[in-house]
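Engineer: Okay, so the sequence shown: first residue is 1 according to UniProt numbering, each after it adds one.
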Amino acid sequence: MIHTIFLLTISVFIVHARLDKETIFPREEAYLKNASDFIDKSTESLLKIFGLSSSTVISENKEQPHKLMEYIYKTYTSMYERGLPLLADTVRGCTDLGVTSRRFANFPYVAYKFEIPKIQQTETLIKVELKILVRFSDFEIVNLNRNFLKLYLYGVLKGNKQENPLLIELATKVVPPSSGRDSVWITFEVTSFLLAQISQEAQKKYVKFALRIRSMHGGTTIPPTMVGVHDATHQKNVTEKNLLVFFSLDSVNKETRTSVSLRTKRGLADIKESEPKKIKKKKHHKTLNNEIKKCRRKNMKVNLSELKWDKWFMNPIKFNAYYCHGSCAHPLTITTDNHATIQSMMHKLNKKIVEPPCCVPTEYEKLVVLYMQEKTPTLRLVNGLIVKACGCK
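1) Tell me the DSSP secondary structure of Gln373 in three-state form.
2) Just the C-alpha distance for Glu129 and Phe107, rounded to the nearest angstrom, thanks.
3) Could you please give the first and the last residue of the uninterrupted beta strand (DSSP E) stretch that includes Asn338?
4) Compare the beta carbon distance of Gly218 and Ser137 with 8 Å and say whether it is the shorter of the two.
5) Quick check on the DSSP output: the beta strand (DSSP E) that includes Thr187 runs from which residue to which?
6) Where does Val368 sit, in a helix, a strand or coil, going by DSSP?
7) So which of Val382, Glu374 and Ala321 has the shortest CA-CA distance to Ala389?
8) Check each candidate in Gln373, Gln64, Thr221 and Phe247 and name the one with the smallest Cα separation from Lys48.
9) Please state whether DSSP places Lys158 in a helix, a strand or coil.
10) Just the Cα atoms here: how many angstroms apart are Glu169 and Glu189?
11) Grab me the residues of Thr191's own chain with a C-beta within less than 7 Å of its C-beta, minus the 5 sequence neighbours each way, in chain order.
12) Since Phe209 sits in a beta bridge, which residues does DSSP pair it with?
13) For Tyr364 and Cys392, what's the separation of their Cα atoms in angstroms?
14) Could you give the DSSP three-state label for Met79: helix, strand or coil?
15) Do Ile186 and Lys205 have their C-beta atoms closer together than 8 Å?
16) Could you tell me if Phe313 is buried or exposed, where buried requires 16 or more neighbouring beta carbons within 10 angstroms of its beta carbon?
17) In terms of residues, what are the limits of the beta strand (DSSP E) holding Arg296?
18) If I follow the unbroken beta strand (DSSP E) through Ser137, where does it start and stop?
19) State buried or exposed for Gln120, treating a residue as buried only when at least 16 other CB atoms are found within 10 Å of its CB.
20) Roughly how many angstroms lie between the CA atoms of Ala88 and Tyr80, to the nearest whole one?
21) Using alpha carbons as the reference points, say which of Thr378, Lys150 and Asp96 lies closest to Met216.
22) Tell me Cys94's beta-bridge partners as DSSP assigns them.
23) What residues match up with Arg380 in a beta bridge as DSSP calls it?
24) Taking C-alpha atoms, which residue in Asp337, Glu44, Ala111 and Tyr154 lies nearest to Phe193?
25) Quick check on this structure: which residue in Thr220, Glu44, Thr43 and Phe50 has the alpha carbon closest to the alpha carbon of Val369?
26) By Cβ distance, which residues of its chain are closer than 7 Å to Met345, with the 5 residues on each side in sequence left out?
27) Could you tell me the alpha carbon to alpha carbon distance between Thr90 and Thr378, rounded to whole angstroms?
28) State the Cα-Cα distance for the pair Asn315 and Tyr371, rounded to the nearest angstrom.
29) Could you please give the first and the last residue of the uninterrupted beta strand (DSSP E) stretch that includes Ile168?
30) Taking only three categories from DSSP, how would you classify Tyr323?
31) For my contact list, Gly326 and Cys359 are in at a C-beta cut-off of 8 Å; report their separation, rounded to the angstrom.
32) Using 8 Å for Cβ pairs, my map puts Ala105 next to Leu166. What's the rounded Cβ distance?
33) Do Ser199 and Val134 come within 8 Å of each other at the CB atom, strictly closer than that value?
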């Protein structure tokens, strides 16, 4: 009898185990699939903010950012934190691709070729700068280090099949002696030339420049490579290639030119508020607990490498995005609106029917980000990533 009962018990256990396996595991798989789908959809939505999609995001190993783009990123971040107005909210840096076509000038020169990035319809191109690196340490004639050099920049326009390309002088620059410096970046503004190329009916995909160098002592034309000026094929470091920088203003970010006052001070104040205060006397326990439960901003540290965004996202990899948490009990003492006040009063009268207002972000800060957009280092001032203030709605 006991043996029979034992066998029946084992049989029931096995049946239940099979049922659990057949019912619970599919539920877990479905949950994981739904979670994965949710993350994919959320990621796709966030990528649109940066003008990207999952099909265009670079999946290869992260490239080293160009030194000048890193410098611009640090400068913009510092200016924004101090509340200073910015020239643009989107900056793209295109590196020199190198020119392999036939010669198009009868004097020694160095040529540059850059891809023209796609400018969004909501953006207005306001400035374009060509950054050329001069390495004094590469001077082949030491005496030239003590002389002034004059640089002539030409825009290259495609000619007919039988004719050489047309050269248009765009600007000149004087480079002083090295004075102990290893290198220096020379900046040419080429906005008008680029606007003319972009406004053509069939927009050009590439733009070319040529650089001629003369000595201020005698006016002799000097081969650029002899005075430390190189094209893409002779650049030793990828992060130091010559750069064409596009500055644009997106109409979506209408507040870019306005100063952001007391940004750092407010941020520090909010962080202090989010930390529990030390309790000195027991009689304050209840009051302090009520304060902590109220709607407020709390820390939320984001590490983009955990989201696997670090392959295309350069800076910042970590930042505090914050989030809103707490109750919106009556009477409301923080930022709110008329509807939330009425909803809070109705909830006080009938808690079973009317829910209390929710603790949500009421104001956001912009974040200066540097990332890769179709292999182009891009800096953008993005809104809606950092919570600045919380309220009940």
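The beta-carbon is built from N, C-alpha and C at its ideal position, and this holds for glycine as well.
Structural biologist: Working from what's here:
1) As a first step, residue 373 must be located in the sequence shown, where it is residue number 373. Strand, per DSSP.
2) Stepping through the sequence shown from its first residue, residue 129 is reached at position 129. Stepping through the sequence shown from its first residue, residue 107 is reached at position 107. Near 25 Å, if we compare the C-alpha coordinates of Phe107 and Glu129.
3) Position 338 of the sequence shown, counted from the first residue, corresponds to residue 338. Counting along the chain, Asn338 falls outside any beta strand (DSSP E), though it belongs to the alpha helix (DSSP H) covering Asn338 to Leu349.
4) Numbered from its first residue, the sequence shown carries residue 218 at position 218. Numbered from its first residue, the sequence shown carries residue 137 at position 137. Contact: no.
5) Position 187 of the sequence shown, counted from the start, is the residue given in the question as residue 187. From DSSP, the beta strand (DSSP E) with Thr187 extends over Ser183 to Glu189.
6) As a first step, residue 368 is located in the sequence shown; it is residue number 368 there, counting from the start. DSSP places Val368 in strand when its eight states are reduced to three.
7) Residue mapping note: residue 389 aligns to position 389 of the sequence shown, counting from 1. Closest by alpha carbon: Ala321.
8) Counted from its first residue, the sequence shown places residue 48 at position 48. Checking every option, the nearest Cα to that of Lys48 belongs to Gln373.
9) Residue mapping note: residue 158 aligns to position 158 of the sequence shown, counting from 1. Coil, per DSSP.
10) Stepping through the sequence shown from its first residue, residue 169 is reached at position 169. Stepping through the sequence shown from its first residue, residue 189 is reached at position 189. Glu169 and Glu189: Cα-Cα distance of roughly 12 Å.
11) The residue you call residue 191 lines up with position 191 of the sequence shown. Closer than 7 Å at the Cβ level, and outside the excluded window around Thr191, lie Lys127 and Val128.
12) On the sequence shown, residue 209 is found 209 positions in, with the first residue counted as 1. Partner(s): Tyr112 and Gly155.
13) Counting from one through the sequence shown, the residue named residue 364 turns up at place 364. Counting from one through the sequence shown, the residue named residue 392 turns up at place 392. Taking the straight line from one Cα to the other gives about 15 Å.
14) Translated into positions along the sequence shown, residue 79 becomes position 79. Helix.
15) By one-based count along the sequence shown, residue 186 stands at place 186. By one-based count along the sequence shown, residue 205 stands at place 205. Against a cut-off of 8 Å, the Cβ pair of Lys205 and Ile186 comes out as no contact.
16) Residue 313 sits at position 313 when you count from the first residue of the sequence shown. The residue in question, Phe313, is buried, as its Cβ has 16 or more Cβ neighbours within 10 Å.
17) Walking along the sequence shown from the start, residue 296 turns up at place 296. Looking at the DSSP string, the run of the beta strand (DSSP E) that includes Arg296 is Arg296 to Lys298.
18) Here the question's residue 137 lines up with position 137 in the sequence shown. Where Ser137 is concerned, there is no enclosing beta strand (DSSP E), given that its DSSP letter is neither H nor E.
19) Your numbering for residue 120 matches position 120 in the sequence shown. The residue is exposed, with fewer than 16 neighbouring Cβ atoms inside 10 Å.
20) As a first step, residue 88 must be located in the sequence shown, where it is residue number 88. As a first step, residue 80 must be located in the sequence shown, where it is residue number 80. The straight-line gap from Cα to Cα measures roughly 11 Å.
21) For the purposes of this step, residue 216 is taken as the residue at position 216 of the sequence shown. Met216 has its Cα closest to that of Lys150, out of Thr378, Lys150 and Asp96.
22) Counting from one through the sequence shown, the residue named residue 94 turns up at place 94. Looking at the DSSP assignment, Cys94 forms a beta bridge with Leu244.
23) Locating residue 380 in the sequence shown gives position 380, counting from the first residue. For Arg380, which the question treats as bridged, DSSP gives the partners Thr90 and Val369.
24) Counting from 1 along the sequence shown, the entry for residue 193 is found at position 193. The shortest C-alpha separation from Phe193 is found at Tyr154.
25) Counting from 1 along the sequence shown, the entry for residue 369 is found at position 369. That would be Phe50, whose Cα lies nearest to the Cα of Val369.
26) Along the sequence shown, read from residue 1 onward, the residue named residue 345 stands at position 345. Excluding positions up to five away in sequence, the list reads His330.
27) Your numbering for residue 90 matches position 90 in the sequence shown. Your numbering for residue 378 matches position 378 in the sequence shown. The alpha-carbon atoms of Thr90 and Thr378 are separated by roughly 7 Å.
28) Position 315 of the sequence shown, counted from the start, is the residue given in the question as residue 315. Position 371 of the sequence shown, counted from the start, is the residue given in the question as residue 371. About 7 Å.
29) Start at 1 with the first residue of the sequence shown, and residue 168 comes out as number 168. Counting along the chain, the beta strand (DSSP E) containing Ile168 begins and ends at Leu166 to Val175.
30) The count along the sequence shown starts at 1 and reaches residue 323 at position 323. It is a strand residue.
31) One-based indexing of the sequence shown puts residue 326 at position 326. One-based indexing of the sequence shown puts residue 359 at position 359. At roughly 5 Å, the Cβ-Cβ gap stays under 8 Å, so Gly326 and Cys359 are in contact.
32) Looking up residue 105 in the sequence shown gives position 105. Looking up residue 166 in the sequence shown gives position 166. About 11 Å separates the two Cβ atoms, so there is no contact after all.
33) Position 134 of the sequence shown holds residue 134. Position 199 of the sequence shown holds residue 199. Against a cut-off of 8 Å, the Cβ pair of Ser199 and Val134 comes out as no contact.
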